[in-house]
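Student: Going by this note's numbering, the first residue of the sequence shown is number 46, and it counts up by one from there.
Note that CB positions come from ideal geometry on N, CA and C, so glycine has one too.
I have a structure here, written as structure tokens, and I will follow up with some questions on it.
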Amino acid sequence: MNRQSADPQKIPLSAITLLILIFLSMLGFSTAVVYSMSRLQYNIQDNYIQPLMVNNAGLEAYKNLSRLHNHMTKIMLNKGSNPDSNLAKEMVELDKELSNYFSTIKTEFRDDTEKILQIEQQLENWKNIRIEMIRLVGSGRKDQALKLASSRGAPAYRQLESSMGQIVNSSQQQIETRVNAANIRSSEIIHLIWWLLGGFILTSIISGFFVIRKITRTLEYHKQAERKLHESKERMKLALSGADVGTWDLDPVSGKLDFDSQWGGLLNYIAENERPHSMKDWAALIHPGDKERVLKAMQEHIDGRANEYKAEYRIYSRSGILKWVIGHGKAVQRDKKGKALRVVGITRDITMQKQAEDTIWKLAHTDSLTGLPNRSLFYDRLGQCIAQARRQHKQFALLFLDLDDFKQVNDTFGHDTGDLLLQGVAERLRQNIRDENTVARTGGDEFILILNDIANAESAAIVAQKIIQSISDPFVIHGHSCQIGSSIGIAIFPDDSEELEKLVTHADSAMYKAKQSGKNNYRFFASNV
């Protein structure tokens, strides 16, 4: 009896084991839920916010680069000798903003640290070039500033613009792929958690309450992230608008190509039905001289032979006006063979930039009075001509021309008449040489001509005679008949020299020999001159 009365007070081992298993199950479940929620929050931050922060910062930096470039162009084209102080102040502020945007990119962009370091060096290089250009303008050496802008400034800007475009493209690719993946993972985790929770709800009220609270907080975080996503997208639209940038989305398999309204605005295709909707439609708008190159660049990226799509080209707007644009794109999805299934990208209007760069190039490389190549461009072309002649084992002639009696006309009728006379001489020189040859004005009344690929020295002599005859005909300027002549010295490559400077010196020496022999004449270089 005593033994039997004590048995009900004992807890069976199986019950204890069951309680322990339930406790461990609840603990494991809670841990799994907390871990899953933490991973979900991390995925939201990593997949939603981070690429959008990079994208927005990249677009704002892109816009600042463009504004800085435009300000520098205005300073270069300003007729005054001193830089505009207001523009200079704005550039200081733009530089600060650009630095802040790049700091965000540097912190958040985790895909390619080498690219970030490369951009950092490019930013520093471009800034140093701009500082030097402003210093040269301020010290009255605008000619040197223009040459620096053309030779180093424009290439440095293009390189930096391209690199920043790659960052924007890469972040857009992440937005497209990661957000979709995050949505799928979020949905799967939440469904799994609720399913498991239903199974444990009757046995783990306390644990369930804790888990529900964690889920609620995570879902609220999810909603906040979605709000941030929406706000970031709106900021991205504003950045695109301010930077004259439009976006596009290509399906290479079907050829379907979608452009956003901002792209349509750049080319005046406002209504959606007016915009191109396929590769074929888009290609029809590209200038014939650029079409093959642009389509080849796109196809190489689609095929996986190029890491990105990038092209600078001319395209017709709705009104038929040609505009310059630059396009960047990157595949966000590829098949097993590496073929692109989807490509997204941006297009920026660079028409004004192109026009300004062309103007700066002309100011740096052409004579402002006659429009002929100046000394700088002449030496560049002469160097190219020498290199080509060496490769092809050919000869060419250099003609050094100096006007006879020009000073007398200038003193008699004034500098305005003298300037018009020089313009008239330049036009006659153009008419007496082939398009592939070069005529440059290198000094007051000095001109140098490069005659490419001549058959022999006699060919150069025939051209020299034609020029002398042409210039000896009277020029009628403001009712005055102006009579001048010309003396020409001729040096032949490679017979007289294969060195650039010596070739010019020999032609110059021959020209003085022609003047000494009675003017209005030509002479070949001879070693005893």
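Starting from K368, follow its DSSP beta bridges and name the residues at the other end.
Tutor: I360
Student: Taking the straight line between their C-alpha atoms, what separation do you get for L205 and M117?
Tutor: 15 angstroms
Student: Taking D498 as the reference, give the member of L474, F538, G489, I507 with the closest Cα.
Tutor: F538
Student: In the DSSP assignment, find the unbroken beta strand (DSSP E) run with F445 in it and report its ends.
Tutor: 441-449
Student: Can you tell me which of the three DSSP states K452 falls into?
Tutor: Looking at K452 - three-state DSSP - the assignment turns out to be helix.
Student: Nearest by alpha-carbon distance to N566: which of D541, I513, A505 is it?
Tutor: I513
Student: Would you tell me roughly how many angstroms separate the C-alpha atoms of L161 and K151, rounded to the nearest one?
Tutor: Sequence inspection shows Ile at residue 161; the Leu mentioned does not correspond to that position. Taking the straight line from one Cα to the other gives about 6 angstroms.
Student: Flag this pair as touching only if the region 368-379 and the region 136-152 have three or more C-beta atom pairs under 8 angstroms; answer yes or no.
Tutor: no
Student: Can you list, in chain order, the residues of its chain whose CB lies under 7 angstroms from that of A502, leaving out five sequence neighbours each side?
Tutor: I537, F569
Student: Can at least three beta-carbon pairs, one atom from the region 310-323 and one from the region 418-428, be found at a separation below 8 angstroms?
Tutor: Fewer than three pairs of CB atoms, one per stretch, sit closer than 8 angstroms, so the region 310-323 makes no contact with the region 418-428.
Student: Is F154 helix, strand or coil when you go by DSSP?
Tutor: coil
Student: For a test of the three-state rule: what should DSSP assign to P418, helix, strand or coil?
Tutor: strand
Student: Go through its chain and collect everything with a Cβ distance to K564's Cβ below 7 angstroms, but skip five positions before and after it.
Tutor: Cβ-Cβ distances below 7 angstroms link K564 to D449, G530, S532 in the same chain, with the five nearest sequence neighbours on each side left out; the list follows chain order.
Student: How do the region 108-116 and the region 131-143 stand: do at least 3 beta-carbon pairs fall below 8 angstroms, yes or no?
Tutor: Segment contact: the region 108-116 against the region 131-143, three or more CB-CB distances shorter than 8 angstroms; contact assigned.
Student: Which whole runs of the alpha helix (DSSP H) in the region 186-222 are 4 residues long or more, in chain order?
Tutor: 187-193
Student: Does DSSP classify I120 as helix, strand or coil?
Tutor: helix
Student: In its own chain, which residues sit with a C-beta less than 8 angstroms from the C-beta of T487, not counting the 5 before and 5 after it?
Tutor: Taken in chain order, the residues that qualify are N419, R420, F423, I493.
Student: Does the structure place the region 515-527 close enough to the region 395-415 that three or more beta carbon pairs sit under 8 angstroms?
Tutor: They do not touch, by the three-pair rule.
Student: For the region 548-565 against the region 459-471, do three or more pairs of beta-carbon atoms, one drawn from each stretch, fall closer than 8 angstroms, so that the two count as touching?
Tutor: no
Student: I'd like the list of long-range same chain contacts for P321, defined as Cβ closer than 6 angstroms, with 5 residues on each side in sequence excluded.
Tutor: The residues are W327.
Student: Between which residues of its own chain and Y87 is the CB-CB distance below 8 angstroms, once the five residues before and five after are set aside?
Tutor: Bear in mind that a pLDDT of 49 at Y87, under 50, signals an unreliable position, so the model cannot answer this.
Student: Note down, in chain order, each residue of its chain lying with its Cβ closer than 7 angstroms to the Cβ of H523, except the 5 sequence neighbours on either side.
Tutor: T462
Student: Evaluate H346 with the Cβ neighbour count: other Cβ atoms within 10 Å of its Cβ, from every protein chain shown; 16 or more gives buried, anything less gives exposed.
Tutor: buried
Student: Any idea what DSSP makes of V182, helix, strand or coil?
Tutor: helix
Student: Would you call the CB atoms of W171 and Y146 closer than 9 angstroms?
Tutor: No, the Cβ-Cβ distance between W171 and Y146 is not below 9 angstroms.
Student: For Q189, which residues of its own chain have a beta-carbon under 6 angstroms away from its beta-carbon, when the five flanking residues on both sides are left out?
Tutor: L181
Student: Is the beta carbon of D447 sitting closer than 9 angstroms to the one on M556?
Tutor: yes
Student: Using only alpha-carbon positions, find the residue among K124, Q476, L97 that is nearest to G183.
Tutor: K124
Student: Under 9 angstroms between the Cβ atoms of Y358 and K336?
Tutor: yes
Student: Measuring alpha carbon to alpha carbon, tell me which residue in A559, T158, L122 is nearest I535.
Tutor: A559
Student: Using a Cβ-Cβ cut-off of 7 angstroms (strictly less than) and excluding sequence neighbours within five positions of A199, which residues of its own chain qualify?
Tutor: E402
Student: Comparing C-alpha positions only, which one of Q95, E142, P96 sits nearest to R112?
Tutor: E142
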